[in-house]
Amino acid sequence: PNTLLLIGTSYLLVFLIGLPIALHLARHHGSRLDRLVTILSPISSVPSWVFAILLVALFAVQLRWLPAAGMFDFVAPEDPVDRLLVLARHMVLPVSALVLSLLFQLVYAWRTFFIIYSEEDYVDLARAKGLTDWVVILKHALKNALIPTVTVIGLQVGFLIGAAIVVETLFAMPGIGSFGVDAIIKRDYPQVQACVLVGALVFV
């Protein structure tokens, strides 16, 4: 559940932030923001653990705004609202590390898909009918562009599980990652095989 919470929150944020930006870039192809995202897209090749270390060094060690490890403080609050707030505070850094390792690459890929599908004949026909630009994009171009977009999302979920192993270990979060690393240290081969099998099944 902890790993699913980490991965699910990260992917939800990537989707909610990235999809509107990609649509905006597709409509304003060649703008300054479009060129900026193109320049920043190689940042996504940086592993998530590098972002994790940088975020901890800045926000936990230097500024002391956020906790550096764990899912809760030393004692978890009894009140559900306080418990949720503490959990959210502890999730900021690991989720940010995973989001930064994915966001720019996916935005660039989605923007490319939207540009390709917005130049199809059926999109030109919809524009010729006098439909507004947003209706054309949302009802005609977006539907077909979501096919490769969802494919990319599916493959990236498997990548996120691999990235979560290191991130969970760095932030001392209980989950599949910490479980797998602990199994490797103890040389518990069945547990290591189980972790590898879960990752392989997600890709399949």
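If you're matching positions, the sequence shown starts at -7 in my numbering and goes up one per residue. Don't be surprised by glycine CBs; every beta carbon is placed ideally from N, CA and C.
Does the Cβ of residue i have 16 or more other Cβ atoms within 10 Å, making it buried, or fewer, making it exposed?
i      : result
VAL142 : exposed
LEU15  : buried
TRP102 : buried
GLU160 : buried
GLN97  : buried
PHE105 : buried
SER23  : exposed
LEU90  : buried
ASP26  : buried
TYR3   : buried
LEU8   : exposed
ILE31  : exposed
LEU50  : exposed
ILE13  : buried
Between the beta-carbon of residue i and the beta-carbon of residue j, is there less than 8 Å?
i       : j      : result
PHE171  : GLN183 : yes
GLN148  : LEU95  : no
ARG19   : ILE129 : yes
THR79   : PHE66  : Correcting the residue identity first, residue 79 is Leu in this sequence and not Thr. It is not a contact, given that the beta carbons lie outside the stated cut-off.
ALA60   : ALA68  : no
GLY146  : ILE157 : no
ALA44   : LEU162 : yes
LEU47   : SER110 : no
THR(-5) : GLY167 : yes
ILE107  : HIS21  : yes
Rounded to the nearest angstrom, what separates residue i and residue j at their Cα positions?
i      : j      : result
THR124 : ASP74  : 46 Å
VAL42  : ILE139 : 31 Å
ALA164 : PRO86  : 10 Å
HIS132 : VAL29  : 25 Å
ILE35  : ALA118 : 37 Å
VAL99  : ASN136 : 17 Å
ASP71  : GLU112 : 54 Å
VAL196 : LEU76  : 34 Å
LEU5   : LEU58  : 19 Å
SER40  : VAL144 : 18 Å
ARG179 : LEU193 : 22 Å
TYR181 : GLY62  : 26 Å
CYS187 : ALA120 : 53 Å
Got a sec: is the Cβ-Cβ distance from residue i to anything in chain C below 8 Å?
i     : result
VAL42 : In summary, chain C is missing from the structure at hand, where a single protein chain is found.
- Does the region 151 to 171 come within contact of the region -7 to 2, defined as at least 3 CB pairs closer than 8 Å? Between the region 151 to 171 and the region -7 to 2, the count of Cβ pairs shorter than 8 Å is three or higher; the stretches touch.
- Is it a yes or a no for the region 76 to 83 touching the region 108 to 124, going by three-plus beta-carbon pairs under 8 Å? With the cut-off at 8 Å, the region 76 to 83 and the region 108 to 124 do not touch.
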